[in-house]
Each structure stands twice: as structure tokens, then as C-alpha cells.
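*Asks:* When you line the sequence shown up against this note's numbering, it's residues 1027 to 1615, in that order. For each residue, glycine too, the CB sits at the ideal point set by N, CA and C. Have a look at this one.
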Amino acid sequence: MAVPHASSGARLLSAAVLLTLCGVGLVALALRSATPRADFAFTGGGEVRSLDPHAVTGVPEGRVVRLMYEGLVARNPRTLQPEPAAAASWTVTPDGRTYTFTLRADARWSNGDPVVAEDFRFSFLRLLDPATASEYASALWIVEGAREYTTGVDASGAAVVRDPARVAIRSLAERTLEIRLELPAVHFLQLLAGPNFVPVHRTSLEAVRAAYPEAWASRWTRPENLVTNGPFRLIERRIQDRLRFERNEHYWGARDVALRTVDVLAIERWSSALNLYLAGELDWVDGAIPTSLVPELAGREDFLNRPYYAVYFYRVNVTRPPFDTREFRTALATSLQRTPICDTVLKAGQKPAFSLVPLGIGGYLPPKVFGESPEYGRKMLEAAGFDAQDKAKKPRPLELHFNTSEVHRDIAEVVADQWRKTLGLDVRLRNQEWKSFLDAQSKLDYDLSRSSWIADYGDPLSFLEIWTTGHENNRTGWSNANYDDLIGAARRERDVARRLELFKRAEQLLLYELPCIPIYHYTTQNLVDPRVGGFASNQLNEQDPRRWFWRDDKELSQARAGRELEGRHVESHGPRAGLHARGPAEVAK
1027 MAVPHASSGA
1037 RLLSAAVLLT
1047 LCGVGLVALA
1057 LRSATPRADF
1067 AFTGGGEVRS
1077 LDPHAVTGVP
1087 EGRVVRLMYE
1097 GLVARNPRTL
1107 QPEPAAAASW
1117 TVTPDGRTYT
1127 FTLRADARWS
1137 NGDPVVAEDF
1147 RFSFLRLLDP
1157 ATASEYASAL
1167 WIVEGAREYT
1177 TGVDASGAAV
1187 VRDPARVAIR
1197 SLAERTLEIR
1207 LELPAVHFLQ
1217 LLAGPNFVPV
1227 HRTSLEAVRA
1237 AYPEAWASRW
1247 TRPENLVTNG
1257 PFRLIERRIQ
1267 DRLRFERNEH
1277 YWGARDVALR
1287 TVDVLAIERW
1297 SSALNLYLAG
1307 ELDWVDGAIP
1317 TSLVPELAGR
1327 EDFLNRPYYA
1337 VYFYRVNVTR
1347 PPFDTREFRT
1357 ALATSLQRTP
1367 ICDTVLKAGQ
1377 KPAFSLVPLG
1387 IGGYLPPKVF
1397 GESPEYGRKM
1407 LEAAGFDAQD
1417 KAKKPRPLEL
1427 HFNTSEVHRD
1437 IAEVVADQWR
1447 KTLGLDVRLR
1457 NQEWKSFLDA
1467 QSKLDYDLSR
1477 SSWIADYGDP
1487 LSFLEIWTTG
1497 HENNRTGWSN
1507 ANYDDLIGAA
1517 RRERDVARRL
1527 ELFKRAEQLL
1537 LYELPCIPIY
1547 HYTTQNLVDP
1557 RVGGFASNQL
1567 NEQDPRRWFW
1577 RDDKELSQAR
1587 AGRELEGRHV
1597 ESHGPRAGLH
1607 ARGPAEVAK
């Protein structure tokens, strides 16, 4: 396929930058160029860990799920507010506890089967089932009977029968689903807009399980077996290369989905992704941009840099000495100089973080429990029983894990150097590919581990609940009953001011104990072709692939003038003439 935009200048970089990239990723470029490209291609990282929506945890996997599946509600990418998706409408009782969803009459699976309420009930129960081992199961424990179904014990700790009939998720009619909560939850609709709360096709899943009882999990998500209900369906998977999606013609809104095909490329190195973008093989790249390129990219039409509800931090394995003492963890956190990392390593407007929760999310003002002080860091190191000046009293060598990325390595090198100079620590760096990296975190097979958390919804709870005892995303071994109680009280509180105060008290405790070390709050950087319409810039960096389309020259001029046309999957005027029949190469002519 012809390179769509290389001649326009929109994807050109300076000769100096191109020289730094010369040879990096060119082999991958040559191999990928031999494959005809899709209408739209993007990458957000390496090989996805899973295509099972109830197992995914990472951003790359979440984006893939949103291509293939659709939940009851979706988040509007401009406002981030819930809007109808598979459910056409819903009602909520005055006490805020019972939600009744009415599904669309024309909602269909990719094989033509109707999407019914029982599909959601089955899927939510599957998410809660301990056999699924979903890291998001506990998010649904706000539903009556859900916690007991997952854990097999009641609130007193007594064993109970795991009966799905006791979970307050009920199919009242073919297209009517009722969900009753234990207590009101102001974030419930936002939660349901997440990628883990979509339905799976029971008939096809169980058919594969019956045919391949030992290997069903990997076979079920193969293109020939996977049945989905979203705007696109998976038609090809090449491990360590790409996922290819095709428009799902059975999707209720298919007539308003402009793109015919979408590729998601597995690319670990940002430099390789940039080469592919410059060559017109990728239309959207996001992720950690090499620091040397930020000044070159700043001000470009195709470079979007925005605030982000996300935090970069290091998880601490508190089960391993010397990390099992609060004093040692405090020494690490307070001796770290964050401003040089933001200003000289990242260079894209990131802010030093002294809290997990970003400022302003849901009206929240985070506490500041600690600051930066090398002197205090050395004092806390001594309190932990070590001496930065005495080799005989130094702790063992420490290992810092990060997933493969130039920027993660750059940050880790600066952090290791700071801790060496300030605390006399020997910090050894270890990079891992994405799957192995997440597995090591889950098994607590690390000392310190590069981490980040992106809000699942616009509420402090999204950042704070993961540190409760036993939460699947805790991954530090830390447990604190007082913290659990504060988060529990915040969940039950309906008064906004009191709820935020409970969150603040909980985070104060978290930052005192420091099972995680905040480093910076993100901005989000995207390189996206200016001709891509329907691309939203928001503080969750969430996209709605139903809205993407290729602008013609008139629409590009309108967008540059601030008069961008809205996405057309919701509006009644339908697709534009010829929109479905053309891809990026045709538009660029």
C-alpha cells in the first residue's frame, strides 16, 4: 500500500533526529512493510498479555478489548461521562442501589446472535468466579452477594456456599438486566464503562472448553473461535507482530463505523514505533517518548501533550528485607530528587509526585506526607539499621525491575544513581518483556518494580482501593487494617465532603507506610496523523474507535480552524458518502 502522508511533511523530523534513529527498528520496518496495512494502525506497547476481557489489566489490552467488545455503558471520550452502549437506557432507584438496564433490541454478537441480559449476568459471574482469577473481581464486590461468591466466606469470615443465585445480578427479561448494590456507589456507571465489564459469548466459549479441556483458554481467543459484540472483530493474530480487526457488520452501530480494518502492532521500542509512524505504517503512537525527541516534537500539529490521570511509581516488595521496614522505604522515598527526572529526563510537563492520587480528580486535594530531603533519607537509613558511609553496614544489592522501554531505563538509571550517591546503595537494573514483568509483580518476585496506575474512572477510589488487603492489584505484600477500614468507610459515605476527607486520611496512611514510592504524575503524549478524525484528547487518554475516520481536505481545514465535526456513530445523519469505501491512502490523494 502506498505511504499515505510521507510527502506532506506532516510526518517529517529533522535530519539530526532521523540520524539518531537510523538503524533502530529498520529490520522491523522492512518486515512489517511487506504486509498490506489496515485502514488504521496503532500501537501502545508490546505483545498483549491476554485477549480475555476478564483477565486484562494493562492499557494495551484494554484498548484491544474496546475494539472487540462493548459493555452496558461507554465513556464519552470528550466529557468522560457515561453514555449508552449495549444498554439503550437505564434507571436507578431513589436509594441509589438498584440499576435496571434495558439492552438495545438490535445488539448482536459477531456471529449474529442477539446480545441478551443473560450474557451480562453470565459474564459478571465469570468475572467474580475465583477460577477466572480476575484482578478486577473485587471491583464488583459492591454488588450484593458478590464478595461471598468470589471468596466463599461471609463478612464474619464463616464459610458459605458459593451460590450464583445469591449474587444480585438478575435477568428480568431477555433485554432487561437488574443489578442491586450493597450500598450506593457514585462511581458504578463509570466502573461499568471499563474494559473488564463487557460480556463474553457463552456458547462459543463453552464449546471450545468442551473440545479442548486442557488448552481451551488459549484456543478460545483465537480469531476462528472468538465471538464478540463490539464494533470490530478479530480476524488475524500474529504473535509479536499484529492483531488485525475487521468491522463487525452485526454490530448495532456498524453503519456509523467508518474504518473497515484496524491493526494493533506489537512494538516494545518507541524508536521502532516512531520509524513506522514516519513511514506511514502507523497512524497513532502513544507511550513513553524518548527524551531526546520531546523538543523536536513540541509544537508539531501531530503531537498532543495533555495532563493525565495517572501516576508513575515504584512498587516495593514489603515482604523482603530490607524493604520490610517503614524506615528503609522512607529513606528511599525522601532521598529521591524528582524534579530532575521531570525536567531533564522526561521534559514533557510531568510533575513531581508526592501522592498517588493526581490533584483535582473528583475534586480531591491530596495530602503531602513527605518531601525531598537527602539528609532525612540518610537519617531514616540509619534508623533502619544501615550506614551509607560504612560498607559493612550497607544493605545487600537491590534489584529494580522495569518493563522494556527506553524511558523506563532512563528513569531507573537516574534513580539508581541518586540512591547510590545519597544512600550508598548498590541498585541493579533488570528489564523484562511485558508478560514476564507482570508475572514477576504478581508473584512478588522482585525488590522494586516500575509501576504506573491510570484511573479506571474519575474518582480517587480508582487509585486508593488497589492498596487494600488482598486486592489483586496490590502486588506489594502490604496490608493495613486501618487503611482497609478507611477505604470501606469512604465507599459507604454518600456525602461528598466527608467522602473526600476519608480518602485523604487513607492516603496519608498509605504515604506514611510507603509500600509504593510516587515519582511523577503523567502527561500523556500522542503522535496522531492530523487527518485522523474522531480522536479525543482527555485526561484518561481513552479513545472510542467507533468515532475514528479519515478527514478529507475540507474536514482537515475545519479541524485546524477549531470546527471539527463530531464523530458520527451516535448522530442520526449516518455515514458520509464514500466514507466506508476509502482508507487513508485514498483520502491523501
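#1: Touch check for the segment 1426 to 1434 and the segment 1473 to 1483: three-plus C-beta pairs under 8 Å?
#2: For N1457, report the span of its beta strand (DSSP E) as first-last.
#3: For D1132, which residues from the same chain have a beta carbon less than 7 Å from its beta carbon, with the 5 sequence-adjacent residues on both sides left out?
#4: Can you find at least 3 beta carbon pairs, one from the segment 1092 to 1101 and one from the segment 1249 to 1257, that sit closer than 8 Å?
#5: Just to confirm, are R1075 and A1067 a CB contact at a threshold of 9 Å?
#6: For P1156, collect the residues of the same chain with a Cβ closer than 7 Å to its Cβ; drop the 5 residues on either side in sequence, then sort them by chain order.
#7: Give me the residue from Y1303, N1506, V1193 and N1508 with the minimum Cα distance to L1291.
#8: How is L1166 classed by DSSP in three states: helix, strand or coil?
#9: Measuring CA to CA, which of E1144, R1286, Y1238 and G1171 is closest to D1065?
#10: Does DSSP put V1371 in a helix, a strand or coil?
#11: Could you give the distance in angstroms between the alpha-carbon of L1108 and the alpha-carbon of R1273?
#12: By the three-class DSSP mapping on this structure, what secondary structure does G1389 have?
#13: Do three or more CB pairs link the segment 1344 to 1361 to the segment 1549 to 1569 at distances below 8 Å?
#14: Do D1328 and V1187 have their CB atoms nearer than 9 Å?
#15: P1120: buried (16+ other C-beta within 10 angstroms of its C-beta) or exposed?
#16: Could you say if the segment 1493 to 1510 and the segment 1217 to 1233 meet the contact criterion of at least three C-beta pairs nearer than 8 Å?
#17: Looking at the unbroken beta strand (DSSP E) that takes in W1310, where does it start and where does it end?
#18: Would you kindly work out how many angstroms separate the C-alpha atoms of A1532 and V1441, rounded to a whole number?
#19: Do you know how far the Cα of Y1390 is from the Cα of L1362?
#20: Would you call N1222 buried or exposed, if buried means 16 or more other Cβ atoms sit within 10 Å of its Cβ?
#21: If you draw a straight line from the C-alpha of D1482 to the C-alpha of R1235, how long is it?
#22: Identify, in the order they occur along the chain, each residue of the same chain with its Cβ nearer than 6 Å to the Cβ of G1411, setting aside the five sequence neighbours on each side.
#23: For L1269, which of helix, strand or coil comes out of DSSP?
#24: Identify every run of the alpha helix (DSSP H) within the segment 1213 to 1283, keeping only runs that are complete inside it and at least 4 residues long; order them along the chain.
#25: Here's a check: name, in chain order, each residue in its chain whose Cβ is nearer than 6 Å to the Cβ of T1360, leaving out the five neighbours to either side.
#26: Can you tell me where the alpha helix (DSSP H) with S1197 in it begins and where it stops?
#27: Please look up how many angstroms separate the CB atoms of L1490 and S1381, rounded, as I've assumed it's under 8 Å.
#28: Does the contact criterion of 3 or more C-beta pairs under 8 Å hold for the segment 1182 to 1196 versus the segment 1465 to 1472?
#29: Between F1127 and Q1216, what straight-line distance do the alpha-carbon atoms span, to the nearest angstrom?
#30: Looking at P1225 and V1141, is the spacing between their C-beta atoms short of 9 Å?
#31: Rounded to a whole number of angstroms, what is the C-alpha to C-alpha distance between F1214 and L1166?
#32: Check each candidate in P1062, T1061 and G1072 and name the one with the smallest Cα separation from K1461.
*Replies:* In terms of the structure at hand:
#1: With the cut-off at 8 Å, the segment 1426 to 1434 and the segment 1473 to 1483 touch.
#2: Within the sequence shown, the letter at position 431 stands for residue 1457. V1453 to Q1458 is the extent of the beta strand (DSSP E) around N1457.
#3: Residue mapping note: residue 1132 aligns to position 106 of the sequence shown, counting from 1. These residues qualify, in order along the chain: W1278.
#4: Contact annotation: the segment 1092 to 1101 touches the segment 1249 to 1257, with at least three C-beta pairs closer than 8 Å.
#5: Within the sequence shown, residue 1075 is the residue found at index 49, counting from 1. Within the sequence shown, residue 1067 is the residue found at index 41, counting from 1. Contact: no.
#6: Translated into the one-based positions of the sequence shown, residue 1156 becomes position 130. Correct list, in chain order: T1176.
#7: On the sequence shown, residue 1291 is found 265 positions in, with the first residue counted as 1. Considering only alpha carbons, the answer is Y1303.
#8: One-based indexing of the sequence shown puts residue 1166 at position 140. In the three-state reduction of the DSSP assignment, L1166 falls in the helix class, which pools H, G and I.
#9: Here residue 1065 corresponds to residue number 39 of the sequence shown, with the count starting at 1. The option with the nearest alpha carbon to D1065 is R1286.
#10: Counting from one through the sequence shown, the residue named residue 1371 turns up at place 345. V1371: helix per DSSP, three-state reduction.
#11: Numbered from its first residue, the sequence shown carries residue 1108 at position 82. Numbered from its first residue, the sequence shown carries residue 1273 at position 247. Before going on, a small fix: residue 1108 reads as Pro here, not Leu. Taking the straight line from one Cα to the other gives about 24 Å.
#12: Walking along the sequence shown from the start, residue 1389 turns up at place 363. G1389 carries a helical assignment under DSSP once its states are collapsed to helix, strand and coil.
#13: Taking 8 Å as the limit for Cβ pairs, the verdict is that the segment 1549 to 1569 does not touch the segment 1344 to 1361.
#14: Here residue 1328 corresponds to residue number 302 of the sequence shown, with the count starting at 1. Here residue 1187 corresponds to residue number 161 of the sequence shown, with the count starting at 1. No, the Cβ-Cβ distance between D1328 and V1187 is not below 9 Å.
#15: Numbered from 1 along the sequence shown, position 94 holds the residue referred to as residue 1120. Exposed is the call here.
#16: Segments in contact, no.
#17: Residue numbering aside, residue 1310 sits at position 284 when the sequence shown is read from its first letter. Element bounds for W1310: W1310 to D1312.
#18: What you label residue 1532 is simply residue 506 of the sequence shown in a count that begins at 1. What you label residue 1441 is simply residue 415 of the sequence shown in a count that begins at 1. Between the alpha carbons of A1532 and V1441 lies a gap of roughly 27 Å.
#19: Your numbering for residue 1362 matches position 336 in the sequence shown. Your numbering for residue 1390 matches position 364 in the sequence shown. Rounded to whole angstroms, L1362 and Y1390 show a C-alpha spacing of 25 Å.
#20: Translated into the one-based positions of the sequence shown, residue 1222 becomes position 196. Label assigned to N1222: buried.
#21: Here residue 1482 refers to the residue found at position 456 of the sequence shown. Here residue 1235 refers to the residue found at position 209 of the sequence shown. The alpha-carbon atoms of D1482 and R1235 are separated by roughly 31 Å.
#22: Reading the sequence shown from its first residue, position 385 is the one you call residue 1411. Taken in chain order, the list of residues that qualify is empty.
#23: For the purposes of this step, residue 1269 is taken as residue 243 along the sequence shown, with counting starting at 1. The answer is strand: DSSP assigns L1269 an E or B state.
#24: If one requires a minimum length of 4 residues, the alpha helix (DSSP H) runs lying completely within the segment 1213 to 1283 are 1214 to 1218, 1228 to 1237 and 1242 to 1246, in chain order.
#25: Here residue 1360 refers to the residue found at position 334 of the sequence shown. Around T1360: F1396, S1399, Y1402 and G1403.
#26: Position 171 of the sequence shown, counted from the first residue, corresponds to residue 1197. Segment I1195 to A1199 is the beta strand (DSSP E) holding S1197; no alpha helix (DSSP H) there.
#27: Locating residue 1490 in the sequence shown gives position 464, counting from the first residue. Locating residue 1381 in the sequence shown gives position 355, counting from the first residue. Not really, about 10 Å apart at Cβ, beyond 8 Å.
#28: These segments do not touch.
#29: Reading the sequence shown from its first residue, position 101 is the one you call residue 1127. Reading the sequence shown from its first residue, position 190 is the one you call residue 1216. Cα-Cα distance, rounded: 14 Å.
#30: Along the sequence shown, read from residue 1 onward, the residue named residue 1141 stands at position 115. Along the sequence shown, read from residue 1 onward, the residue named residue 1225 stands at position 199. With contacts defined as CB atoms closer than 9 Å, V1141 and P1225 qualify as a contacting pair.
#31: Residue mapping note: residue 1214 aligns to position 188 of the sequence shown, counting from 1. Residue mapping note: residue 1166 aligns to position 140 of the sequence shown, counting from 1. Cα atoms of F1214 and L1166: separation of roughly 9 Å, rounded to the nearest angstrom.
#32: One-based indexing of the sequence shown puts residue 1461 at position 435. Closest by alpha carbon: G1072.
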